[in-house]
Structure formats: C-alpha cells, structure tokens
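In my numbering, the protein residues as written are 1312 to 1532.
For reference, the structure discussed in these notes is given below.
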Ligand SMILES: [Zn+2]
C-alpha cells in the first residue's frame, strides 16, 4: 500500500487474498495512511493509492454466462463473492460487471474514442478540481477523492432533481453515510468530466449505477 502511494494498487483475483489482508485495506482506503503497530512502537506510512481490483463472478469463473452451470452448484457465485466483505465493498466507488471477451470481439473495429482522448478529458477534469480547491483556499487538495465529507457537500450541491434522486436512493439502497458521500464524490467528478459546475440528476444516477453491483449479481445468480 505504501509503495502504491500516489499511484495505482492493482489486486487481481481479489477474493483469493486472505481475509486478513483484504480487511487491512479498509483503514488506509479511508485515511491514506498505513499503520504498522507493534508492542512498543508504531510506524505510519503514507498510502494514498487508487485501488483497482478484478475478480471472476465465481470460483470456476463463468457464473451468469449463458449455458454455464457451476459444478459446485448455485451457491458457487454467492459463496465466492461473500469473501469480499460489505465494509470493504462499501469503500469501492465504482463496480462494473464486464462480459467475457469472445474471439469474435477481437475482430471488431477499435472504439471511437481513443485512450489519448480519454486522458485529455481526465486531465481537464483534474485541472477543474485543482482550480476549485485553490479558489476555496485549499491548495493542498488536488482531487475530489481527497475532499472530506463536509467539503464535498459544499462543492457538490446537486440540483433539486438530483437531490431528490439521491435521497430516494439512499433509502432504497440503504446507503451508509460513507456510501452517500462516495456517491456524491463520484457524481461531482462526473460533472467535472462533463465540465458542468452543477451536479445534475444524470450525474447522481450514473454514480448510483456503479454501486453494489456485486450483491445485485449474487441476487440474480
Ligand atoms: Zn462457479
């Protein structure tokens, strides 16, 4: 975690990590610091990283795919996904289910928007955030990820329709206070990518669509 400070920490096959290792991610994901505690001393390492994790939907890897039946039965996906605890999942801002790549997909034309174009959009959004924090007298903050709850609420007041959607969703999806702020943070960033000052309903809706995919998938599996 400390080695990934100001970078990306990529964990492949996430459920294969020991539960103790997975739970040790929780605190640094909140505070940006990793603490190693011993009897007589403790050491704090800076550990503000972007966590990217990948996993299969089940142990055998094909749950949910048409025509596939798990050898270990219908619990295969639920048991595998249960290895990722609710509190850890709650700290993941964006969850996306990807379909397996078919050989025929490789023959498709490249996407219309190239990676370089996406990088330009990201750079502009980051500059918008830098400028906003500087104008608020907080030049030490660089991205929305670093803004705490109170500041986040100040910089991302949704329009009335967005606020209504967020309140309804918070009840319906039983969002934790942390989850609520995380949705707001992603929505603020989506609005920045759109170069919009106000967080609109569409940004809230998109941010909500990225949450708790895993449990939704277990429900249908
Ligand atoms: Zn399976």
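Glycine included, C-beta positions come from ideal geometry on N, C-alpha and C.
Counting C-beta pairs with one atom in each stretch, the segment 1472 to 1482 and the segment 1504 to 1523 have three or more that are closer than 8 Å, which means they touch. Beta-bridge partners of residue 1355 (DSSP): 1346. Look at residue 1370: its beta carbon is less than 6 Å from one of the heavy atoms in ligand 1. By the C-beta criterion, the segment 1339 to 1347 is judged not to be in contact with the segment 1375 to 1392, since fewer than 3 inter-stretch pairs fall below 8 Å. Of the residues 1515, 1347, 1358 and 1505, the one whose Cα lies closest to the Cα of residue 1478 is 1515.
For residue 1358 against residue 1323, the beta-carbon gap comes to about 19 Å, at or over 8 Å, which does not count as contact. Going by C-alpha positions, residue 1436 is about 13 Å away from residue 1496. Relative to ligand 1, the nearest heavy atom lies less than 6 Å away from the CB of residue 1374. Per DSSP, the continuous alpha helix (DSSP H) segment holding residue 1475 begins and ends at 1471 to 1483.
The way I'd put it, the segment 1415 to 1431 doesn't touch the segment 1446 to 1453; fewer than three beta-carbon pairs between them come closer than 8 Å. Looking at the DSSP output, residue 1510 sits in a beta bridge with 1469. In the three-state reduction of the DSSP assignment, residue 1361 falls in the strand class, which pools E and B. Each of 1367, 1464, 1502 and 1328 was checked against the Cα of residue 1409, and the nearest Cα belongs to 1367. Taking a contact as a CB-CB distance under 8 Å, the pair residue 1486 and residue 1494 counts as one, their CB atoms being some 7 Å apart. For residue 1434, the enclosing alpha helix (DSSP H) stretches over residues 1426 to 1446.
Within the segment 1365 to 1423, not a single complete beta strand (DSSP E) segment reaches 3 residues in length. Judged by DSSP in its simplified three-state form, residue 1336 adopts coil rather than helix or strand.
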